[in-house]
Amino acid sequence: MTTRLRATTLAAAALCAGLAAPAFADPVEAELVINDDITIKTVAPAAEHLKGHLDTVYSGWLFREDETRAMTMDDFDNPNMVFAEQALEVWATPEGTQNKSCADCHGAIEEGMKGVRAAMPKINAAGDLWSLENYVNDCRTNRMGAEAWKWNSQDMKNMTVAISVQSRGMPVAVEIDGPAQSHWEKGREMYYTRYGQLELSCANCHEDNYGNFIRADHLSQGQTAGFPVYRLKDAGIVSIHQRFVGCIRDTRAETFAAGSQEFIDLELYVASRGMGLDIEGAGVRP
Ligand code: HEC
Ligand code: HEC
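Quick note, the sequence shown lines up with residues 21 to 306 if you use my numbering.
Structure below.
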């Protein structure tokens, strides 16, 4: 996608030059109501910490085509839900040396996991910043005596989809002060760092150029409230860190690994840019 951008050009100029573009195209004006029941806030005044950067925050949903948007609006059309169903079976199945299931300790997922996704990533009891995936694996290894799931494994993605759905319609609720603050600051620094041969930062695309087209892609603000998402192009679920890997690769840079502390910090910062929006995961993307 970025092959037409020239490494020698300044980032913003490079973007403009690379655009075979229809000019600026606003996010659509549309209401996201899932299953005629759950209303999702997709536009909001930007959080105080974004002053001077963004006035309004928009969900990625508003930048997608009608057909793709429609798939997020009805669970029967949302391809994520088949995988959430699979996770519900796993939720109730005892495993590991302790022969325990998630349900044994957390009860029904609808209650046990309500609001959990909205607060991720967050500081754990030991004072470390953890993503949802870390919490799931901590329970598997330390509480069930089962094997950890790989970050981007199907089992992990299915479970994070099923857990995220329990926060739909709830506002992004990450904590960015106290013990989280240093992580948040590191994430912010990464967000504004130019990566790769193209020397592009996250902000060059998602803050300076959202609404513009980069070849066929209508650039959004790169919000994470819709994650995990089902990508039609990949015919599969994409985790937040997987998306970060893809974006950094597009700048032709070496990237961090999914599950790295760098990406957990970046995840916190990016989540905080979505404060005011509601969780809509699991969304659908082209
Ligand atoms: C033996 C009991 C036990 C089992 C089995 C268990 N958990 Fe947990 N889990 C806990 C406890 C205790 C905590 C920490 C206290 C809390 O916040 O609920 C926790 C925390 C979590 C959290 C973080 C919640 C938060 O708000 O911070 C997630 C997510 C989670 N578990 C998912 C799972 C999943 C998925 C499974 C099954 C694969 C599972 N757990 C199995 C006991 C268990
Ligand atoms: C060269 C431009 C470019 C850069 C640099 C870039 N991205 Fe992206 N990103 C895209 C495109 C294109 C998409 C897909 C369309 C969209 O949602 O913007 C995307 C999508 C995303 C999404 C998914 C949004 C959604 O709602 O589906 C997230 C999250 C994201 N980017 C985060 C980042 C982060 C964090 C960085 C910096 C590490 C970054 N991006 C750097 C181009 C870029």
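Glycine residues also receive a C-beta, built at the ideal position from the N, C-alpha and C atoms.
- Taking the Cβ of L149 as the reference point, every heavy atom of ligand 2 lies at 7 Å or farther away.
- Taking 8 Å as the cut-off, the Cβ atoms of Y211 and C225 do not count as close.
- Judged by their CB atoms, T92 and V304 are nearer to each other than the 8 Å cut-off.
- In the displayed model, E85 falls within coil according to three-state DSSP, outside both helix and strand.
- Judged by the Cβ position, S240 qualifies as a neighbour of ligand 2 at the 7 Å threshold, a heavy atom of the ligand being closer than this.
- Shown here, P199 sits in a helix according to DSSP, grouped into three states.
- Unbroken alpha helix (DSSP H) runs of no fewer than 4 residues, entirely contained in the region 107-178, are found at 122-126, 129-132 and 152-158, following chain order.
- DSSP lists Y215 as the beta-bridge partner residues of L220.
- In the DSSP assignment, I54 is bridged to I58.
- Collapsing the DSSP output to three states places Y230 in coil.
- Non-local beta-carbon contacts of E130 in its own chain, meaning distances under 8 Å to residues more than five positions away in sequence, involve Q186 in chain order.
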